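Let me begin by presenting the structure, written as structure tokens, before commenting on it.
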Amino acid sequence: FKQGEGVIPDINGAANMYEVYQRAKPGCTDVVTVPVLWDKQEDTIVNNESAEIIRMFNSAFDDITGNTLDFYPEAHRPAIDDINQRIYDTLNNGVYRCGFARSQAAYEKAVVPLFDTLDWLEGILSRQRYLLGDFLTEADWRLFPTLFRFDMVYYSHFKCNLRRLIDYPNLWGYTRDLYQHPGIRDTINVDHVKKHYYGSHLSVNPTGIVPMGPIIDFDAPHGRD
């Protein structure tokens with residue numbers, strides 16, 4: 028947990044993530060990953076798998092918050108799962124397969140399906156506001172972080188550079204639409220995103236230099252109302 032502007036300290040005062048794991052399980056030598064969902068009442072880690080945490084947040088706290096929005100409605104679960112699988116395999120994970128490829132062949136094997144999926148998504152979003160129609164689902168929120176980071180990080184840092192996100196008019200408008208959804212922009216810090224990727228992947232960016240650009244206006248009107 029580095030000190031810096033906008034950094035939220037760990038609730039238990041940990042300086043490193045391994046300390047959080049060891050607080051939950053003394054002597055723990057497991058591989059340390061994020062995200063982590065921490066239970067303050069039980070003083071332990073509840074889960075560290077993002078796909079499971081997002082499902083928990085969808086409904087587990089409805090009685091406490093009074094928020095009954097359902098981003099994983101039962102009638103649409105098969106379609107959501109299908110979209111999630113393709114997006115994860117080729118895009119969410121695909122950017123990392125491009126960035127950490129150890130050979131030209133491995134890189135090309137990852138980058139081609141990545142842009143095939145972006146082309147496919149562009150077609151879907153040319154016909155409707157969100158991935159399953161006129162309503163938001165889990166699939167939209169799982170896609171958003173990768174799209175948000177695409178031009179500022181993945182395009183250059185991970186060599187996902189056949190096209191930029193802004194070259195896809197529907198995907199670009201869709202990304203701004205999600206960013207401007209109430210409460211979303213408050214959870215994002217562009218400076219943190221860039222410093223993390225460019226500063227921590229020294230095998231990809233040995234100098235650790237963080238680029239100043241690109242300048243991206245996520246608050247521009249999205250035109251998808």
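Numbering (my numbering), first residue to last: 28 to 252.
Backbone N, C-alpha and C fix where the C-beta goes; we use that ideal spot for every residue, glycine too.
A quick note: this is a predicted structure, and the numbers were derived from the prediction, not measured.
The distance from the Cβ of F175 to that of T202 is about 6 Å, consistent with a contact at the 8 Å cut-off.
With a cutoff of 9 Å on beta-carbon distance, L148 and Y157 are scored as not near each other.
Within the same chain, Cβ atoms closer than 7 Å to the Cβ of G200 are found at H249, G250, R251, the five residues on either side in sequence being excluded. In the DSSP assignment, V73 falls within the unbroken beta strand (DSSP E) covering 71-74. M83 is classed as exposed because its beta carbon has fewer than 16 other beta carbons within 10 Å across all chains shown.
Around the beta carbon of L170, 16 or more other beta carbons lie within 10 angstroms, which makes this residue buried.
Straight across, the Cα-Cα distance linking F88 with N94 is about 8 Å. By the Cβ test, the segment 122-129 is in contact with the segment 181-191, since at least three Cβ pairs between them sit closer than 8 Å. Of Y224, Q207, I193, the smallest CA-CA separation from I243 is found for I193.
DSSP places G121 in the helix class (H, G or I) of the three-state scheme. In its chain, beyond the 5 residues on either side, L64, D66 have a beta carbon closer than 6 Å to the beta carbon of V73. Rounded to the nearest angstrom, the gap between the Cα atoms of F142 and W168 is 19 Å. For Y224, the secondary structure class from DSSP, reduced to helix, strand or coil, is helix.
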